[in-house]
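Remarks on the structure that follows.
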Amino acid sequence: MKHITIRVAWHDNKWNGKICKNPSENVYCVDNYSLLSSRIQRRRNIEIEEKFKGKSISEVKNNSAYIPPCYWCINILGEEKHTIEDTHPFGDTSNKFSVIPPLNEILKPFSVFTWNFKLSFTTTGVYKYPPDLEDRVKKYIKNIEPTKSVVFLYANYSNPVTGDERKYLVLGAGLVREEIEFPKKYDIPEELYEDINRKMPVFPKIAWQFQVPLDPELTFILPYHEYLQFIERKNGTKREDKEKWLEDITVKVDDPTIIPHFKYVSMHIPHDKTIYLLYKLKKSISKLKEHGVISIEQIESYEKKVDKLLEIAWRERGQYPGFENLIAIKLENEFTNDKIEEITRKLKMFIVKKFGSIDEFLNDNKNIFTLKCEDPEIETAINIIKSQFEVFTFLARFDFSKQQFKNIIDFIGKKGFNNFKANPYSILEEYFYDIKDDDWDIDNNDYGISVYHLDIALIPDTKYANWRALYTAKSLERIRALITLILRNAAQTDGHTYLSRDEIIEKIKDYPLYYIQQDFEIDQLLLSEYESDPRFKEQFKVISIDGQVIYQLKSLEKIERIIEEFIEKVKRVEYDVDQHIVDTLVRKDIEKFKYRLRDDNAREYFKRERTELYQKIFSNKLVVISGKAGSGKTSAIINLIDVFKRQRKTPIFIFTPTGKASLVIRKRLKEVELDNDPDITTSTIHRFIYRELFERTRQLSRERMKEIFKLADLVDKIFDGHYEFINDFNKLARRWQFNPKVVIIDEASMVDEVLLCLLFSLINPSTLQHLIIIGDDKQLPPIGIGRPFIDLIYYLKNQGLESKYCHLSTNLRFPLTDNRCAKIEKLAELFRSDKEPLLEDIHEITKSADDTLEISYFRDANDLKNKLKQIIFEIDGQEQKNDTESLWELFTHIFEPNGKFNYNNLEKIQIITPKRVGKFGSTVVNREIVLEGQSRIPAGTKIICEENQYWEPERNKRILALANGSIGYITKGGYVKFVDIDELFNIFRTRRAIRNIIDRLKKIKLELLNQKEATDIPYTPAYAITVHKSQGSDFDYVVFILSERSSFITRELLYTGFTRAKTKMYVLVHKDLKDELYELFRTAYINSQIELIHTLLFGHKQSPFKPYLVRLKNGDKIAVRSKIEYIIAKTLDSFGIEFVYEPEDFAENHIKPDFKIFLENGEFYWEHLGLLNNDWYKNRWFKKYKIYEDIGITDFLITTSEGEEPKDVESQIRKIIEDLKGDNLRVTDGSYSKHHYVL
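Quick note on the UniProt record's numbering: the sequence shown kicks off at 1 and runs consecutively.
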């Protein structure tokens, strides 16, 4: 007996048997990650649905002969039955299939159609469809039992709650009400069937769907709809708080051992995973009471239902859920698989007849040894149980699959049963068996083992289970396993490489099986006691830093250590500089950008900056370069490659995190005729790791080739989150290291610790002459673990290695006009700055437009559509007489002018949004605003690949074919174009087998994509993409839509978005935000994603942007932002002067001085003005000074700035402090303040 998961399409009327309330606004049901998305896209008639919105299925059918294509799931909470006609799935894709009569079905009240699509796959033989499909379906349905099987209703990524996280959303649960009927068969004409069968042997006649009736007394959907409506209402509660409440009740499928049960629309799910998910639902329901969004009566109804479902789930589980799978494994050496199924069934019947249940049988350790059976096969099974009774009864408590029991038995054979029984949780730390997911029968698969598998077996909830616990929840081994899981989840979900003890305890309290925590509270005292025991720290280290105890997985420590060791080997090497080369490159850059350097000051500053850049690069083995978009980083890379090539410093490797970034480099190399140079390799890091090793396999011995395959296998495991294999990879990779002379890593802010660690493991640091790491330190952090680029900059500053670091600040993209900074530059600088935005800054930027930035406001979807049209008219030089054309047609003119497609046109204009979901998220903008509700994606559509696509064109040779974020296009002729695939074709042009496969991929047509089964490319329209997807790319014109305040909007997100435009940025703001724009920007600035990430790479940090650590005489530590601030703080402390760094005295004015100083003659404030050579910064200071004047503290404010060549800064600061103490401050009216000092 099994439980079941069922996918549904999002429905704004809560699946009540009626058409959506606002069909045209429900873009999620036709999005690519919906239920039957291609079928719904083809069949949905939005005009009819709008006409009958809110009406029942039967009413719509009777009045229009239309059946909504989401009928599979629309009646989950519907109280009426409906007669429907089910067209064959291919009936509207081919004229051939259109002659097949539809099936007549009765859609029962409180029921849902579903299908396990894995049943329809075959892994052996020559058939496209499995010959035994009907047998599979019978077995699948037979395991779903009325009044026993729990149903989990869920949405795929196409939903407005977890769409941005790309996680499955558990909507609710229920119970199977009655027997499930076998699917009906289509009446396919015999002649047609013979024709189909010739091309597709054993083509199925049965409908790929069966109906699951649900018990209305026990079925529920969590109040996501009510919370989404609550968020949109204005009621005095901050939107960010309301979003947090929705997050509190959201039940995500995020455990990797459970995710596979949600992949194929419907899947069986075993007992313990069912119980675990029901506790997650119960925890969600408990949160509802705190919010008051729905009534107490509704909450109590939820509570009763989930409690009853838990009672049923525990009852059906029993004490020994593993009995059948375990005995099947034990019988493998005696009988065939078919025979084992028969014997297991007979054995179970025999036991139930004799003892009443499996539980009674295994708990009767007296009578079992005298038990006899006349059936020799049953007797064989009983004797096996008798001979291994202790092992059998212990293992049968676990709800493992057959494959898992095989692995557990293997594990016990190595470790010994007594050791396993004494600490079953040890299996979690040493279960290194491969994931197996190739069978429709979950009992033959292995999705891994997690803590809940052991907890439910060993520590039952006595509210529902009547057997005792075998293990204490407070045991050292269990707590160690739970903390290991928590640390791993924190790394994969939030990017943290460590957590504090307090955070660990909060996570333990939040563990879904919270009944354990309630009965066995785990607190600071218990953990501190365990922390002194070496056994507790086998998987993680526990250290005390700055007064807090922190935990870090040893595998993550190893990842950080590999990175640190590599940097240590390259950081100290220095070279003599050929100044002639430096001067030549600087002159070259000045000539190239002369039209953007409008005056002598700009040219002189650029000359100094560029000279410093090249001097640092040529004089050091390691250089880290940060710079904003448009500061000339890519031009510098090309210059350097050219010089290194002429100096014969080859091979040269250029790495990027994205395919788009690699294409930019290759395009620029082509301009200097270096794109096909054999000494220069340009690649994404992913593609390099997978491809380059296999390129070495030619003419290798079999043993050496095994090592290559082993490395690839380890990479897969590490990317899947098994970081414990990093040490094995690092050791083996040393035998295969590459020996480049130059390595350049571009867009390094997007590279996470795991990727950087794997790359460094494959590079020989001793032969390396230059490691150049380039990025933008203010952009979004990596999607992965850590923020190594930021941490490396911190480290160089913290260690006094500023000579290895260079920051580029010249704006070459938007030059000064009439000595004024471009407005888009000002807007971006607000979020680069170390200081919070001022109201005056926002007002100045938003009050009027210039050639680079235009901010306007829209009321609704129609108004937004019109504003987008006006923008296209302006960009494309089209006259408004084309206003009759749709927005989609206007975009097509840009991307495919005169019917001729060019990849460069895709970069001309891009809409970006903070989120994928929401009223004006990228999904809605694409589907509703641009495509105007078209369900099917038409030819002439810009598309994006949303997941990395790996292909194996040759055996055991895996390549990254399409990267997550790759933008493509469906031409008017219907061909799907991705520049990545064209590039692959060029890369492998000499490899016929690979080239032929890629050539076929280049010819994929729209019709194939719309059938979905023909390809697994996860594409979606890309007129609008999220800011995250846009990172690493830039576009001529960018339209940034801001429609709501949200905790999702961070400082880095806005900065990344505001730096995507090369020519002009249009910011379209919802009118409701017009008076809240400053507050939105200010809140986003405070909400820094980079600051939130915990890492120990290059040591613990108070803040990643405060690298200078001041150790005061009293033992305290203060982290400050700049070297000058460090000297000020140290000098103040040496005088014994009390001070506060960045005091909150003027928080209501949204400004912070650098220091507040306490003296006998009063309190003073100190601001160091570090960037006065930047006009924007200088003007901003004067605005801030005006605030100080209004507050009335300018008499007590000291400011300092640096001269062109500051010398003996410390003695000058001491002099200022003496002036302060002597009440003898310099008066400098007309300067930057009343008391300004130049150092």
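No residue lacks a Cβ here, since even glycine has one placed at the ideal position from N, Cα and C.
Keep in mind the model is a prediction, meaning the values are calculated, not measured.
Closer than 8 Å is the cut-off here; do at least three beta carbon pairs connect the stretch 1100-1107 with the stretch 890-901? no
Buried or exposed, going by whether 16 or more other CB atoms sit within 10 Å of the CB of VAL672? Walking along the sequence shown from the start, residue 672 turns up at place 672. By the neighbour-count rule (16 or more Cβ atoms within 10 Å), VAL672 is not buried but exposed.
Out of ASN905, LEU830 and LEU674, state which residue places its alpha-carbon closest to the alpha-carbon of ARG1082. For the purposes of this step, residue 1082 is taken as the residue at position 1082 of the sequence shown. Shortest Cα-Cα distance from ARG1082 to any of ASN905, LEU830 and LEU674 involves LEU830.
Using a 10 Å radius around the Cβ and a threshold of 16 neighbouring Cβ atoms, would you call LEU192 buried or exposed? Taking the sequence shown and counting its residues from 1, one reaches residue 192 at position 192. Exposed.
When burial is assigned at 16 or more other CB atoms within 10 Å of the CB, is VAL1227 buried or exposed? On the sequence shown, residue 1227 is found 1227 positions in, with the first residue counted as 1. Counting Cβ neighbours within 10 Å, VAL1227 comes out exposed, since fewer than 16 surround it.
Inter-residue spacing [alpha-carbon to alpha-carbon] between LYS414 and TRP440: Mapped onto the sequence shown, residue 414 falls at position 414. Mapped onto the sequence shown, residue 440 falls at position 440. In a straight line, the C-alpha of LYS414 is about 30 Å away from that of TRP440.
Quick check: the stretch 1034-1050 against the stretch 900-915, are at least 3 beta-carbon pairs closer than 8 Å? yes
Would the beta-carbon of GLU240 fall within 8 Å of that of ARG820? Within the sequence shown, residue 240 is the residue found at index 240, counting from 1. Within the sequence shown, residue 820 is the residue found at index 820, counting from 1. No, the pair does not count as a contact, with Cβ atoms beyond the cut-off.
Proximity below 8 Å, CB of TRP72 to CB of VAL27: Residue mapping note: residue 72 aligns to position 72 of the sequence shown, counting from 1. Residue mapping note: residue 27 aligns to position 27 of the sequence shown, counting from 1. No, they are not a contact pair.
Going residue by residue through the stretch 384-464, where are the continuous alpha helix (DSSP H) segments of at least 4 residues, counting only ones entirely within it? For the stretch 384-464, whole alpha helix (DSSP H) runs of length 4 or above, ordered along the chain, are 389-395, 402-415, 417-422, 427-430 and 451-458.
Where GLY632 falls: helix, strand or coil (DSSP): Along the sequence shown, read from residue 1 onward, the residue named residue 632 stands at position 632. In the structure shown, GLY632 sits in coil (DSSP, three-state: anything other than H, G, I, E or B).
Under 8 Å, with one C-beta from each stretch per pair, do the stretch 827-843 and the stretch 1139-1159 reach the 3-pair mark? yes
Apart from the five residues on each side of it in sequence, which residues of its chain come closer than 6 Å, Cβ to Cβ, to PHE52? As a working note, residue 52 is residue 52 in the sequence shown. Its chain contains ILE19 and VAL60 as the residues whose beta carbon lies nearer than 6 Å to that of PHE52, once the 5 sequence neighbours on both sides are disregarded; these appear in chain order.
Tell me whether PRO1021 sits in a helix, a strand or coil according to DSSP, three-state version. By 1-based counting over the sequence shown, the position of residue 1021 is 1021. DSSP places PRO1021 in strand when its eight states are reduced to three.
Would you call the stretch 777-787 and the stretch 679-691 touching, i.e. three or more CB-CB distances under 8 Å? Cβ pair count under 8 Å is below three, so no.
Quick check: the Cα distance between ASN898 and VAL976, rounded to an integer number of angstroms? For the purposes of this step, residue 898 is taken as the residue at position 898 of the sequence shown. For the purposes of this step, residue 976 is taken as the residue at position 976 of the sequence shown. Near 18 Å, if we compare the C-alpha coordinates of VAL976 and ASN898.
Among the residues of its own chain, which have a CB less than 6 Å from the CB of GLU1013, if the five just before and after it don't count? Here residue 1013 is taken as the residue at index 1013 of the sequence shown, counted from 1. At GLU1013 the pLDDT is 41, less than 50, meaning the model places this residue with poor confidence; the figure from the coordinates comes in the next sentence. So no residue of the chain qualifies.
What would DSSP say about MET1065, mapped onto helix, strand or coil? Residue numbering aside, residue 1065 sits at position 1065 when the sequence shown is read from its first letter. Three-state result, MET1065: strand.
Would you be able to state if there are at least three C-beta pairs under 8 Å between the stretch 579-590 and the stretch 607-619? yes
Should ILE4 and ILE269 be called a contact, given that it needs their Cβ atoms to be closer than 8 Å? Residue 4 sits at position 4 when you count from the first residue of the sequence shown. Residue 269 sits at position 269 when you count from the first residue of the sequence shown. Result yes, Cβ atoms of ILE4 and ILE269 sit closer than 8 Å.
Mind the definition here: the stretch 298-306 touches the stretch 193-203 only if three or more C-beta pairs lie below 8 Å; say whether that holds. no
Would you mind listing the alpha helix (DSSP H) stretches within the stretch 1075-1133 that are 4+ residues and don't spill past its ends, in chain order? Counting only runs of 4 or more, we get 1077-1086 and 1089-1092.
Would the beta-carbon of PRO109 fall within 8 Å of that of GLU79? The residue you call residue 109 lines up with position 109 of the sequence shown. The residue you call residue 79 lines up with position 79 of the sequence shown. The criterion of a C-beta distance shorter than 8 Å is satisfied by PRO109 and GLU79.
Does the pairing of the stretch 389-402 with the stretch 319-336 give three or more beta-carbon distances under 8 Å? yes
Once DSSP output is grouped into helix, strand and coil, what is the label at LEU1169? For the purposes of this step, residue 1169 is identified with residue 1169 of the sequence shown, where counting begins at 1. Here LEU1169 sits in strand by DSSP.
Can you find the residues in the same chain that come closer than 7 Å, C-beta to C-beta, to VAL754, ignoring five residues on each side of it along the sequence? The residue you call residue 754 lines up with position 754 of the sequence shown. Correct list, in chain order: ILE559, ILE718, GLY784 and ILE785.
Rounded to whole angstroms, how far is the Cβ of PRO173 from the Cβ of PHE152, which I believe are closer than 8 Å? By 1-based counting over the sequence shown, the position of residue 173 is 173. By 1-based counting over the sequence shown, the position of residue 152 is 152. The question names Pro, but residue 173 in the sequence shown is Ala. Indeed, because the Cβ distance is near 5 Å, the residues count as touching under 8 Å.
Contact defined as beta carbons within less than 8 Å: I believe TYR514 pairs with ILE479. What is the distance between those atoms, to the nearest angstrom? Along the sequence shown, one-based indexing puts residue 514 at 514. Along the sequence shown, one-based indexing puts residue 479 at 479. TYR514 to ILE479, Cβ: 15 Å. No contact.
GLY495 to LYS541, Cα distance in whole Å? On the sequence shown, position 495 is the one that residue 495 refers to. On the sequence shown, position 541 is the one that residue 541 refers to. The straight-line gap from Cα to Cα measures roughly 18 Å.
Rounded to whole angstroms, how far is the Cβ of residue 1258 from the Cβ of GLY1032, which I believe are closer than 8 Å? As shown, the chain starts at 1 and ends at 1239. That puts residue 1258 outside it, with no answer to give.
Quick one: using the 10 Å Cβ neighbour count with 16 as the cut-off for buried, is ASP1016 buried or exposed? As a first step, residue 1016 must be located in the sequence shown, where it is residue number 1016. Confidence is the limiting factor: at ASP1016 the pLDDT is only 44, short of 50, which leaves the residue's position unreliable, though a coordinate-based value still follows. So ASP1016 ends up on the exposed side.
Taking DSSP as the reference, what is the three-state secondary structure of ALA849? Position 849 of the sequence shown, counted from the start, is the residue given in the question as residue 849. Note: ALA849 maps to coil in three-state DSSP.
To the nearest angstrom, how far is the alpha carbon of ARG317 from that of VAL293? Reading the sequence shown from its first residue, position 317 is the one you call residue 317. Reading the sequence shown from its first residue, position 293 is the one you call residue 293. Straight-line Cα distance between these residues: approximately 35 Å.
Rounded to whole angstroms, what's the CA-CA distance from LYS181 to LEU428? Just pull it up for me. Indexing the sequence shown from 1 puts residue 181 at position 181. Indexing the sequence shown from 1 puts residue 428 at position 428. Note that residue 181 is Glu in the sequence shown, not Lys. Roughly 40 Å between the two C-alpha positions.
Could you name each continuous beta strand (DSSP E) segment of 3 residues or more that falls completely within the stretch 713-791, going from the start of the chain to the end? 742-745 and 770-775
Quick test of your reading: ARG927 and ASP31, contact by CB under 8 Å. State the CB separation rounded to the nearest angstrom. Reading the sequence shown from its first residue, position 927 is the one you call residue 927. Reading the sequence shown from its first residue, position 31 is the one you call residue 31. The beta-carbon distance between ARG927 and ASP31, rounded to whole angstroms, is 7 Å. This is short enough to meet the 8 Å contact definition.
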